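The listed protein sequences correspond, in order, to chains A and B.
According to the numbering used here, the first sequence is numbered sequentially starting from 2.
According to the numbering used here, the second sequence is numbered sequentially starting from 204.
Below: the structure, in structure tokens.
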Amino acid sequence: MSPSGPELIRHIKQQIREVDPGQVHEMLDDGVALVDVRETEEFATGHLPGAVHVPRGYLEQRIEGAVPDRSQRVVLYCASGNRSALAAHTLTEHLGYQDVASMTGGITLWKDRGYEVVQPRALTPEQRERYSRHLLIPEVGPEGQQKLLDSKVLLLGAGGLGSPAALYLAAAGVGSIGIVDNDEVDLSNLQRQIIHTTDRIGVPKVDSAEETMRAINPDVRVIKYPVRLSAENIMDILQSEPWDVVVDGLDNFPTRYLLNDATVRLGIPVVSASILGFDGQLAVFKPHEGPCYRCLYPVPPPAELAPSCGANGVLGVLPGTMGLLQATEVIKLVIGSGEPLVGRLLLYEALGATFTELKVRRDPECPVCSRDPSEITDEEMGVFPDYEAFCAAAG
Amino acid sequence: MATIKIPPVLRPSVGGEKEVSASGENVGAVLRELAKAHPATEAQLFSSDGELNRYVNVYLNDEDVRVLEGLGTAVSEGDTLVILPAMAGGGEGPPASTG
């Protein structure tokens with residue numbers, strides 16, 4: 002005769018390991034993976050510190066995203082300890098997890114003992130709908146989406162690279178997006194700068210970009226800097242908000258070196274791309290974890306080999322491709338997933354449809370990133386070599 | 204024979220090609236042969252003392268030759284050299300700002 006539900010649970014509990022909330026509390030800082038198997042609405046009312054949410058109904062589909070290592074120590078909990086017991090049985094018997102336990106009494110007993118409960122900031126129903134395709138992938142999920150909503154990303158330029166990056170970062174729910182650009186929309190921009198429109202010719206690009214981004218996603222706060230980035234204002238702009246990432250779509254070497262020096266000093270990662278004709282380059286410069294721009298390019302090429310010093314042709318879709326690769330790297334940095342393009346340079350050649358990846362090493366003698374930024378004095382901060390003459394030499 | 208990938212700024216100097224082939228036992232010899240076949244590339248690759256210009260990166264397959272043995276790095280049949288000067292275009296359109 003088939004057992005009743007309570008009988009089955011009792012039977013399963015004899016086959017799995019259970020741990021007391023007191024033991025779990027002691028394990029919190031010990032590298033244990035805490036998994037909350039309750040329903041979404043229950044999780045939203047509060048959970049254990051550091052817990053990841055994998056509803057029991059999605060356990061088999063999502064546990065590998067949350068706990069990829071089957072030898073990792075896992076503690077499951079629910080409201081009272083029954084659903085987590087069943088889930089622990091599944092992980093152990095059917096999915097090959099080696100060190101799984103269920104917390105006795107669930108979060109109810111945990112709270113009764115007076116232990117801390119974290120109140121998650123819940124997404125609104127509209128946000129749950131808007132970002133539903135993010136919420137479904139474990140690498141983003143509600144926590145990653147919250148990180149995106151809390152993040153602050155600074156775009157240098159609302160041009161070819163900045164346009165697609167801004168559109169997708171706004172759509173992804175990056176909470177604050179700064180844009181530095183002092184240009185106005187020009188007819189010749191519209192072949193590739195897709196954030197702008199024909200009826201906005203003559204409008205400042207920061208205003209045009211803001212209008213498009215807010216039409217896509219009203220969650221986004223747009224911070225406008227209608228100025229030309231320079232040695233005089235770069236430190237102020239980089240310190241005006243706690244930027245998580247800077248997206249470099251600059252069109253000239255002097256400002257790229259200036260940006261590098263300032264971001265290395267402030268420890269802000271830069272997702273950098275450049276384009277010419279049918280060719281693009283992409284790299285992430287994460288200060289002190291990987292090489293900086295000066296490690297890759299210690300000195301700029303002479304003006305005759307630096308075609309950025311003037312208007313050049315570019316296939317309209319190329320900045321789209323490269324700008325979206327930038328946006329992808331930004332999202333990875335913000336949510337902390339994947340392997341960012343640190344220490345690597347990606348070359349894309351559109352005509353041949355080829356990608357080439359090169360290794361970039363930190364230069365132990367780099368004049369900027371080999372130094373301890375804390376040793377850089379206030380007097381040095383914001384003082385940069387004279388880059389101005391560089392493009393002037395190109396005529 | 205090694206394959207040399209030519210960056211956009213050097214393509215006019217090699218008749219518009221994206222890739223050319225050259226032989227040589229090491230990186231220096233391959234680049235010298237390139238410069239011999241396409242003399243316009245010589246001043247762009249080499250400084251007056253015969254060293255690689257500081258602003259030109261050269262990669263043997265995916266590794267910077269500076270962390271290998273520089274121009275003396277051995278080149279095998281079928282290797283790829285990538286010549287890479289810095290690029291700064293952002294797709295803005297008008298002439299670049301100067302900071």
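Even glycine gets a Cβ: it sits at the ideal position worked out from N, Cα and C.
A quick note: this is a predicted structure, and the numbers were derived from the prediction, not measured.
> What first and last residue would you give for the beta strand (DSSP E) that runs through A:I224?
Replying inline: Reading the first sequence from its first residue, position 223 is the one you call residue 224 of chain A. Residues R222 to Y226.
> Which residues in chain B sit within 8 Å of A:D1, going by Cβ to Cβ distance?
Replying inline: Nothing can be reported for residue 1 of chain A, as the shown portion of chain A is limited to 2 through 396.
> Taking 7 Å as the cut-off, is the CB of A:P50 close to at least one heavy atom of the ligand SAM?
Replying inline: In the structure on display, the ligand SAM does not appear, and there are no ligands present to speak of.
>> If I follow the unbroken alpha helix (DSSP H) through A:Q327, where does it start and stop?
In response: Stepping through the first sequence from its first residue, residue 327 of chain A is reached at position 326. Following the DSSP letters along the chain, one finds A:Q327 inside the alpha helix (DSSP H) bounded by residues V318 to I336.
> Quick one, which residues of the region 271-299 of chain A are near chain B if we go by CB-CB under 9 Å, in chain order?
Replying inline: Shown in chain order are the members of the region 271-299 of chain A whose Cβ falls below 9 Å from a Cβ of chain B: A274, S275, I276, L277, G278, F279, D280, G281, Q282, Y294, L297, Y298 and P299.
>> For the region 163-171 of chain A against the region 200-215 of chain A, do three or more pairs of beta-carbon atoms, one drawn from each stretch, fall closer than 8 Å, so that the two count as touching?
In response: Contact holds: three or more Cβ-Cβ distances are below 8 Å.
>> Please classify A:M2 as buried or exposed, where buried requires at least 16 other C-beta atoms within 10 Å of its C-beta.
In response: As a working note, residue 2 of chain A is residue 1 in the first sequence. Flag for A:M2 reads exposed.
>> For B:D265, would you say it is in contact with chain A, using Cβ-to-Cβ distances shorter than 8 Å as the test?
In response: Working through the second sequence from its first residue, we reach residue 265 of chain B at position 62. Taking Cβ atoms only, chain A reaches closer than 8 Å to B:D265, which makes this a yes.
> By Cβ distance, which residues of its chain are closer than 6 Å to A:H54, with the 5 residues on each side in sequence left out?
Replying inline: Looking up residue 54 of chain A in the first sequence gives position 53. For A:H54, where only same-chain residues beyond five positions count, the Cβ hits under 6 Å are D37 and F44.
> Name the chain B residues whose beta carbon is nearer than 7 Å to that of A:P301?
Replying inline: Within the first sequence, numbered from 1, the residue matching residue 301 of chain A stands at position 300. Going along chain B in sequence order, the residues near A:P301 (Cβ under 7 Å) are Y258 and A289.
>> Please give the ranges of any alpha helix (DSSP H) in the region 217-299 of chain B, keeping only runs that are unbroken, at least 4 residues long and fully inside the region.
In response: 230-240 and 245-248
> Taking the alpha-carbon positions, what's the A:I108 to A:H12 distance?
Replying inline: Stepping through the first sequence from its first residue, residue 108 of chain A is reached at position 107. Stepping through the first sequence from its first residue, residue 12 of chain A is reached at position 11. A straight line joining the alpha-carbon of A:I108 with that of A:H12 spans about 22 Å.
>> Against chain A, with Cβ distances strictly below 8 Å, would B:V233 count as a contact?
In response: Along the second sequence, read from residue 1 onward, the residue named residue 233 of chain B stands at position 30. By this cut-off, B:V233 is not an interface position.
>> Please list, in chain order, the chain B residues whose beta carbon lies closer than 7 Å to that of A:E330.
In response: For the purposes of this step, residue 330 of chain A is identified with residue 329 of the first sequence, where counting begins at 1. Residues of chain B passing the Cβ test: none, with the nearest at roughly 16 Å.
> Can you list, in chain order, the residues of its chain whose CB lies under 6 Å from that of A:E376, leaving out five sequence neighbours each side?
Replying inline: As a first step, residue 376 of chain A is located in the first sequence; it is residue number 375 there, counting from the start. Within the same chain, A:E376 has no close Cβ partners at all.
> Thinking just about the alpha-carbon of each residue, which of A:V285, A:N253 and A:A274 is nearest to the one in A:G268?
Replying inline: Indexing the first sequence from 1 puts residue 268 of chain A at position 267. Measuring from the Cα of A:G268, the nearest candidate turns out to be A:V285.
>> Give me the chain A residues within the contact set of B:V285, using Cβ-Cβ distance strictly less than 9 Å, ordered along the chain.
In response: Position 82 of the second sequence holds residue 285 of chain B. Within 9 Å Cβ-Cβ: L348, T357 and L359.
>> If contacts are defined as beta-carbon pairs under 8 Å, then A:L347 and A:L283 qualify, I think. What distance do you get, rounded to the angstrom?
In response: Locating residue 347 of chain A in the first sequence gives position 346, where the first residue counts as 1. Locating residue 283 of chain A in the first sequence gives position 282, where the first residue counts as 1. In this structure, A:L347 and A:L283 form a Cβ contact; the two beta carbons are roughly 4 Å apart against a cut-off of 8 Å.
> DSSP beta-bridge partners for A:H197?
Replying inline: For the purposes of this step, residue 197 of chain A is taken as residue 196 along the first sequence, with counting starting at 1. Paired residue(s): none; A:H197 is not in a bridge.
> First and last residue of the alpha helix (DSSP H) that includes A:M104?
Replying inline: Along the first sequence, read from residue 1 onward, the residue named residue 104 of chain A stands at position 103. From DSSP, A:M104 is part of no alpha helix (DSSP H) but of the beta strand (DSSP E) over D100 to M104.
> Under 8 Å between C-beta atoms, does A:L306 make it to chain B?
Replying inline: By one-based count along the first sequence, residue 306 of chain A stands at place 305. Closer than 8 Å: yes.
>> In this structure, how does DSSP classify A:R114 when only helix, strand and coil are distinguished?
In response: One-based indexing of the first sequence puts residue 114 of chain A at position 113. The three-state secondary structure of A:R114, taken from DSSP, is coil.
> Given that A:L353 touches chain B, what residues does it touch there, using C-beta distances under 8 Å?
Replying inline: The count along the first sequence starts at 1 and reaches residue 353 of chain A at position 352. It is worth fixing the name first, because residue 353 of chain A is Gly in this sequence and not Leu. Here the neighbours are K221.
>> Here's the rule: buried if 16 or more other CB atoms are within 10 angstroms of the residue's CB, otherwise exposed. What is A:V119?
In response: Locating residue 119 of chain A in the first sequence gives position 118, where the first residue counts as 1. Only exposed fits A:V119, as fewer than 16 other CB atoms lie within 10 angstroms of its CB.
>> I'd like the span of the alpha helix (DSSP H) that includes A:G6, first residue to last.
In response: Within the first sequence, residue 6 of chain A is the residue found at index 5, counting from 1. Per DSSP, A:G6 belongs to the alpha helix (DSSP H) from G6 to Q16.
>> Taking the beta carbon of A:V335 as the centre, do at least 16 other beta carbons fall within 10 Å, making it buried, or is it exposed?
In response: The sequence position of residue 335 of chain A within the first sequence is 334, counting from 1. Answer is buried; the Cβ neighbour count reaches 16.
> Helix or strand or just coil, what does DSSP make of A:I202?
Replying inline: As a first step, residue 202 of chain A must be located in the first sequence, where it is residue number 201. Three-state result, A:I202: coil.
> Based on the DSSP secondary-structure assignment, which residues constitute the bridge partners of A:E19?
Replying inline: Numbered from 1 along the first sequence, position 18 holds the residue referred to as residue 19 of chain A. Answer is A:S103, bridged to A:E19.
>> Suppose only complete runs of 3+ residues qualify. What are the beta strand (DSSP E) ranges in the region 32-113 of chain A, listed by chain order?
In response: If we require 3 residues or more, the beta strand (DSSP E) runs fully inside the region 32-113 of chain A come out as 34-37, 74-78 and 100-104.
>> Between which two residues does the alpha helix (DSSP H) holding A:S133 run?
In response: Within the first sequence, numbered from 1, the residue matching residue 133 of chain A stands at position 132. A:S133 -> alpha helix (DSSP H) spans S133 to L136.
> Mind pulling the chain A residues with CB within less than 9 Å of B:V261?
Replying inline: The count along the second sequence starts at 1 and reaches residue 261 of chain B at position 58. Here the premise fails: no neighbours, minimum Cβ distance about 10 Å.
> Are the CB atoms of A:V207 and A:I178 nearer to each other than 8 Å?
Replying inline: Position 206 of the first sequence, counting from 1, holds the residue named residue 207 of chain A. Position 177 of the first sequence, counting from 1, holds the residue named residue 178 of chain A. No, Cβ-Cβ distance for A:V207 and A:I178 is not below 8 Å.
> Can you list, in chain order, the residues of the region 362-375 of chain A whose Cβ is nearer than 7 Å to any Cβ on chain B?
Replying inline: R362
> Thinking just about the alpha-carbon of each residue, which of B:T206, B:G275 and B:E266 is nearest to the one in B:L255?
Replying inline: Here the question's residue 255 of chain B lines up with position 52 in the second sequence. Between B:L255 and the set B:T206, B:G275 and B:E266, the nearest pair of CA atoms involves B:G275.
> If the cut is a Cβ gap below 7 Å, which residues of chain A does B:V230 touch?
Replying inline: The residue you call residue 230 of chain B lines up with position 27 of the second sequence. Within chain A, no residue comes near B:V230; the closest Cβ sits about 15 Å away, beyond 7 Å.
> Going by beta carbon distance, what residues of the same chain come within less than 6 Å of A:Y349, once the five residues before and after it are set aside?
Replying inline: Looking up residue 349 of chain A in the first sequence gives position 348. G281 and F356, listed in sequence order.
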